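Keeping their order, the protein sequence lines are chains A and B.
Take any residue in the first sequence, note its place counting from 1, add 6, and you have its number in the working numbering.
Take any residue in the second sequence, note its place counting from 1, add 6, and you have its number in the working numbering.
Here is the structure we will look at.
There are 2 protein chains.
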Amino acid sequence: MKAYKIPEATVVRLSIYSRQLSNMRKAGVETVSSEEIANSVGVSSAQVRKDLAYFGEFGTRGVGYRVDDLLGNLTKILGLNREWNLAIIGAGKLGSALALYEGFRQRGFSIKAIIDVDEKMVGQDLAGVVVDSLDKLENLIKEHDINIGIITVPAMEAQRVTDRLVEAGVAAILNFSPQVLRVPPDIVMRNVDLAVNLKVLSFNLSHNS
Amino acid sequence: MKAYKIPEATVVRLSIYSRQLSNMRKAGVETVSSEEIANSVGVSSAQVRKDLAYFGEFGTRGVGYRVDDLLGNLTKILGLNREWNLAIIGAGKLGSALALYEGFRQRGFSIKAIIDVDEKMVGQDLAGVVVDSLDKLENLIKEHDINIGIITVPAMEAQRVTDRLVEAGVAAILNFSPQVLRVPPDIVMRNVDLAVNLKVLSFNLSHNS
DNA sequence: GACTGTGAAGCCATTCACAGCT
DNA sequence: AGCTGTGAATGGCTTCACAGTC
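Here it is as structure tokens:
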């Protein structure tokens, strides 16, 4: 499967549409227009239609979209019709919070390992997963067929851990450390930098007079 | 002060440049070229120069930038030469982790209040800040002159809490809940959706064959 | 010779506006 | 009449390439 050139922003919006559609389905809504999706997300209806048009025709002219169908299609498009195995490296405050966070334990994403250097953390149970020692990293990645590594170690150790994850065979990394990580081009990377988010707010507050 | 049209992406990169420059300064580096900054961040040197050009001329042709000067300028540009007062609403796992997270306690950002509905949380001490009850929200915002509210409550309550924060006078909101929040146009908003990040990884993994 | 600052070109994403279905 | 799907137009960001400066 190959998506020729899908904008990053489109993928982010599709993820949000899928969440909103899921809520709509729970609320018993059966049909929805691009305008209604747009309003629920805060974008334009043309944007919604363009985003969907990258992948096919999912609606009916004059009518709209069947919530159930569209959600099913988005689920497939986003690759959520399968299970992804996750490992969290770093069981500090942030890693533990993510391990216990409901949003991370949802459909399709399964935390299979939690790893920490600190021997005092090893053996602790976080939402049913026992924290393992860092030297087991390679074994755990292979044993549980981990696809995605989540990095919540201090910046100093982030690159070293990343290298080991890549070497052990993970395909994607979600990086919470404030560190620019180098990975081979075939590895999928995303950064969530909490401090950067605050700095961007600070900038906007300072230039909004 | 008014920044006519600075791309969001530029502001994010400036935040990252500032972090890298700070590391360089700690490492004793005195002068740096746009190429070196670019390499440390993973962008092009033209990009670095264009980003800086929105705000002035900070370098010397033929030489480069003085790390100290450029960092000072970026600090001012980003509005980090003052203190911002933060409140965290929701002292669950994620809120607590953020309260204790080093990256949040850095220069310029000061957590002044932590608030939760759960009376069992109230009174607990998180890194020197005592958790307060939700009905104190308005008082705390005013008393501590809070600029930025960080939302880590469940999706169900996020809009209600947001409305109260806005009404009480916060200028910006950093939203960790998986919920599209409506705010007046003068409020600065940023969303950090953890589940969306995983979905984007899932998409990329599915379309990278 | 080295490196910044910047107009111009190129590329990519969003919005517009309407043809095409139901 | 209502709403999708889409080519064309617009707007915005990034890259190029080089003039300007040290």
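Ideal Cβ placement from N, Cα and C applies to all residues, glycine included.
For clarity, every value in this text was computed on a predicted model and none was experimentally measured.
Could you tell me the alpha carbon to alpha carbon distance between residue i and residue j, rounded to whole angstroms?
i	j	result
residue 158/A	residue 73/A	36 Å
residue 175/B	residue 143/B	11 Å
residue 21/B	residue 57/B	11 Å
residue 7/A	residue 80/A	Confidence at residue 7/A is low in this model, with a pLDDT of 46, below 50, so its placement is unreliable and the value that follows should be read with caution. Those two C-alpha atoms are separated by around 15 Å.
residue 146/A	residue 116/A	14 Å
residue 82/A	residue 192/A	22 Å
residue 98/A	residue 154/A	19 Å
residue 68/B	residue 126/A	53 Å
residue 161/A	residue 54/A	38 Å
residue 201/A	residue 105/B	13 Å
residue 18/B	residue 76/A	33 Å
residue 205/A	residue 32/B	20 Å
residue 149/A	residue 198/A	27 Å
residue 140/A	residue 65/B	44 Å
residue 48/B	residue 23/B	11 Å
residue 30/B	residue 172/A	27 Å
residue 45/A	residue 35/A	15 Å
residue 13/B	residue 130/A	45 Å
residue 118/B	residue 78/B	26 Å
residue 43/A	residue 11/A	23 Å
residue 170/A	residue 107/A	25 Å
Under 7 Å between beta-carbons, which chain B residues line up against residue i? List them in chain order, please.
i	result
residue 112/A	201
residue 176/A	In chain order: nothing, as chain B lies at least about 10 Å away.
residue 115/A	204
residue 196/A	203, 206, 207
residue 153/A	211
residue 172/A	Here the premise fails: no neighbours, minimum Cβ distance about 14 Å.
residue 18/A	202, 206
Answer yes or no: do residue i and residue j have a C-beta to C-beta separation smaller than 8 Å?
i	j	result
residue 95/B	residue 167/B	yes
residue 138/B	residue 123/B	no
residue 184/B	residue 25/A	yes
residue 294/B	residue 86/B	With chain B covering only 7 through 215, there is no way to say anything about residue 294/B.
residue 84/B	residue 182/A	no
residue 63/A	residue 51/A	no
residue 164/B	residue 180/B	no
residue 27/A	residue 196/B	no
List, in order along the chain, the chain B residues whose C-beta lies closer than 8 Å to that of residue i?
i	result
residue 184/A	25, 109
residue 22/A	186, 199, 202
residue 180/A	203, 204, 207
Can you tell which of the options has the C-alpha that lies nearest to the C-alpha of residue i?
i	options	result
residue 156/B	100/B, 69/B, 214/B, 65/B	100/B
residue 232/B	153/B, 93/B, 173/B, 148/B	For chain B, the structure presents residues 7 to 215; residue 232/B sits outside this window and is missing.
residue 214/A	205/B, 178/B, 201/B	178/B
residue 132/B	103/B, 152/B, 203/B, 23/B	103/B
residue 60/A	15/A, 35/A, 188/A	15/A
residue 71/A	49/A, 38/A, 109/A	38/A
residue 212/A	211/B, 194/B, 203/B	194/B
residue 91/B	49/B, 107/B, 34/B, 151/B	151/B
residue 109/B	43/A, 203/A, 109/A	203/A
Quick one: list the residues of chain B neighbouring residue i, beta-carbon separation under 9 Å, in chain order.
i	result
residue 56/A	Those within 9 Å of residue 56/A in chain B number zero; the least Cβ separation is about 17 Å.
Please list, in chain order, the chain A residues whose beta carbon lies closer than 7 Å to that of residue i.
i	result
residue 100/B	103, 107
residue 85/B	208, 209, 211, 212
residue 137/B	Here the premise fails: no neighbours, minimum Cβ distance about 15 Å.
residue 128/B	Ordered by position in chain A, no residue passes the 7 Å Cβ test against residue 128/B, which lies about 20 Å from the chain.
With a threshold of 7 Å (Cβ to nearest heavy atom), would residue i be considered close to the ligand HEM?
i	result
residue 195/B	Annotation note on the ligand HEM: not contained in the displayed structure, which lists no ligands.
Quick one: list the residues of chain A neighbouring residue i, beta-carbon separation under 8 Å, in chain order.
i	result
residue 64/B	By Cβ distance, chain A contributes nothing, its closest Cβ being about 16 Å from residue 64/B, past 8 Å.
So which residues on chain A does residue i lean against when the C-beta distance must stay under 9 Å?
i	result
residue 47/B	186
Practice problem: Identify every run of the beta strand (DSSP E) within the segment 76-121 of chain B, keeping only runs that are complete inside it and at least 3 residues long; order them along the chain. | Solution: 90-95
Exercise. Tell me the start and end of each unbroken alpha helix (DSSP H) in the segment 134-205 of chain B that is at least 4 residues and wholly inside, in chain order.
Key: With a minimum length of 4 residues, the unbroken runs of alpha helix (DSSP H) contained wholly in the segment 134-205 of chain B fall at 143-149, 161-174.
Exercise. Any chance you could list the beta strand (DSSP E) runs of at least 3 consecutive residues sitting entirely within the segment 14-59 of chain B, in chain order?
Key: none
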